[in-house]
Amino acid sequence: MSDPRSVFVDEGVLDLNYVPPYLLHRETELRFLSDLFRFIVDAPYEMSQRVVILGDVGTGKTALAQRFGLNLMFDARRRRVRAKYVHINCRKLRGSLFMILLRAVRAFRPQFPDRGYSANELLDTLMRVLDEENEQLVLCLDEVDALIEKDGDALYYLTRVQEERMEESRRLSLICISKDSETFQELDKSTLSTLQRNVIRMSEYTQPQLSDILISRAEQAFRPGAIPLEVVDFIGELAAAEGGDARYAIDVLWRAGKYADSVYSREVLPEHIRKAAATLFPTLREEEVKQLSRHEQLVLLAIARHFRHIREAHATTSDVERSYHVVCEEYGEKPRGHTQFWKYLNQLKWLDVVSSTLRASGKGRTQLISLPKVPAEDLEREVTRILGRD
Ligand SMILES: Nc1ncnc2c1ncn2[C@@H]1O[C@H](COP(=O)(O)OP(=O)(O)OP(=O)(O)O)[C@@H](O)[C@H]1O
Ligand SMILES: [Mg+2]
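So in our numbering, spot 267 of the sequence shown is number 334, and the numbers just go up one at a time.
So, in structure tokens, the structure goes:
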């Protein structure tokens, strides 16, 4: 039961992991994707497919793939064909091919042990399991950049494995998602050409499109009348200015509802939106910070702390390392050694907020860290909050 004083009836609809039943303004993309995989139910085991989905932050890439996956499994069940869609965020698994394949195998064999195999053996195991179960698998590699950066050959293996099984049934198809087509340029020519045959490009959402998306979410998440239409348009405007980012729009909507609740308002008002927008940085994703390990979060806090107290725009890695030691002491953690610290720092460059550049110096090149997109004070507050919660 929802709280009768709250503007929300079902906050879960605004959760990051919620897959909307319909994707507004993505009908063409969804139809195209479904057509590419039509063979799975129409001519099972005869083909495999590779598709790349490209688009900026919050353009609905993940939602598109997940909606497609759920629809596919529904159709397959209805047609009595075996097919499974498995969605994997490569960044969350630190780009480890081993972990990705383990997830895939465990989608069929939940008890499969997590050691004793190499990534290549796991790939063989995966194919064997698919044979045994007579399954077709669509493996979606979301944020595939992390995988390519970690292991340049991984996609080569994944695209090749099907070709090596000339005589056998076709079982493994791939969907790769990335924000940026540059990612793929590092791949070898033949992998690149097999991947680039089918590319779906997602454009930025416009303000009216964002408003439509917001309305359909708000109808389920909020009490009737709790969100006036002009308030929805106001958020749509903000998010359109942020590069058509639907996630930012939904985050603002949720946080504004929270502000409304905190002052016992029956309605979400423009002032609540302004408050929400003032504390939400499109470049600072709570979800992404939560995905970091505890020590990576501590390094991020160390960066924020350092910049709060200095006037310079850039910091050296040793500045940050010193600050990290202080932060560790405060949180009762033993600071990790220099090499490990470097690895943590490197993970953070994936966050939109932290930027790092190399600059020539007397002895060679120095790495300089900066925080161009978010006030240090706000970053400190957010990371402190997230660290405190664990
Ligand atoms: N067309 C749409 N209809 C309804 N909801 C949508 C639509 N597009 C995106 N959303 C919602 O907006 C949010 C952001 O979308 P999504 O996570 O798919 O973006 P993304 O392109 O994967 O972003 P990122 O590059 O940051 O991973 C999600 O909550 C998603 O459900
Ligand atoms: Mg995504």
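Beta carbons are placed, not taken as given, at the ideal position from N, Cα and C, and that holds for glycine. Note that the structure is predicted; figures quoted are calculated from it, not measured.
query, result
"Bridge-paired residues (DSSP) for residue 434", "425"
"Segment contact, 8 Å Cβ cut-off, at least three pairs: the segment 107 to 120 with the segment 192 to 211", "yes"
"Residue 75 in three-state terms, based on DSSP", "strand"
"Same chain, Cβ closer than 6 Å to residue 457, neighbours up to 5 away in sequence not counted", "For residue 457, the predicted structure reports a pLDDT of 49, less than 50, and the residue's modelled location is therefore unreliable. The matter cannot be settled from this model."
"Continuous alpha helix (DSSP H) stretch holding residue 195: start and end", "186 to 200"
"Near ligand 1: residue 362 beta-carbon under 6 Å from a heavy atom", "no"
"Buried versus exposed, by CB contacts within 10 Å (16 or more), residue 349", "buried"
"Complete beta strand (DSSP E) runs within the segment 326 to 353 (minimum length 3 residues, chain order)", "none"
"Distance, residue 183 Cα to residue 311 Cα", "45 Å"
"Cβ neighbours of residue 365 in the same chain (closer than 7 Å, five flanking residues each side left out)", "391, 394, 395, 398, 400"
"Same chain only: Cβ atoms within 6 Å of residue 421, ignoring 5 sequence neighbours per side", "415"
"Nearest-angstrom Cβ-Cβ length linking residue 278 and residue 121, presumed shorter than 8 Å", "Not quite, the Cβ-Cβ distance comes to about 25 Å (not below 8 Å), so this is no contact."
"Backbone CA spacing between residue 30 and residue 210 [nearest angstrom]", "The question about residue 30 has no answer, for the chain in this structure spans 68 to 457."
"Heavy atom of ligand 1 within 6 Å of residue 174 beta-carbon", "no"
"Per-residue DSSP class, three states only, for residue 220", "coil"
"Same chain only: Cβ atoms within 7 Å of residue 287, ignoring 5 sequence neighbours per side", "77, 80"
"DSSP three-state assignment for residue 457, whether helix, strand or coil", "Per-residue confidence for residue 457 stands at a pLDDT of 49, beneath the threshold of 50, marking its modelled position as unreliable; no derived number is given."
"For residue 447, the three-state DSSP class (helix, strand or coil)", "helix"
"Pairwise C-alpha distance: residue 145 and residue 22", "Outside the modelled stretch of the chain, which goes from 68 to 457, sits residue 22, for which no answer is possible."
"Alpha helix (DSSP H) segment containing residue 43, residue limits", "Residue numbering for the chain in the displayed model covers 68 to 457; residue 43 lies beyond these limits and cannot be assessed."
"Other residues of its chain near residue 373: CB distance less than 7 Å, five sequence neighbours each side excluded", "382, 386, 387, 390"
"Cβ-Cβ separation, residue 317 to residue 284 (assumed contact under 8 Å), whole Å", "6 Å"
"Cβ neighbour criterion (16 or more within 10 Å) applied to residue 82", "exposed"
"Under 7 Å between C-beta atoms of residue 233 and residue 126", "no"
"Contacts around residue 190, its chain only, beta-carbon distance under 7 Å, and the 5 residues preceding and following it disregarded", "168, 224, 228"
"Neighbourhood of residue 440 by C-beta, 6 Å cutoff - its chain only, sequence neighbours within 5 removed", "350, 420"
"Residue range of the alpha helix (DSSP H) that includes residue 373", "361 to 376"
"Spatially closest choice to residue 417 from 212, 336, 330, 194, by CA coordinates", "212"
"Close-in-space but distant-in-sequence residues of the same chain around residue 340 (CB under 8 Å, 5 per side omitted)", "298, 301, 302, 305, 319, 323"
"Integer Cβ distance of residue 131 from residue 160, believed to fall under 8 Å", "Actually they are not in contact, since the Cβ atoms of residue 131 and residue 160 sit about 21 Å apart, beyond 8 Å."
"Check: residue 416 C-beta below 6 Å from any heavy atom of ligand 2", "no"
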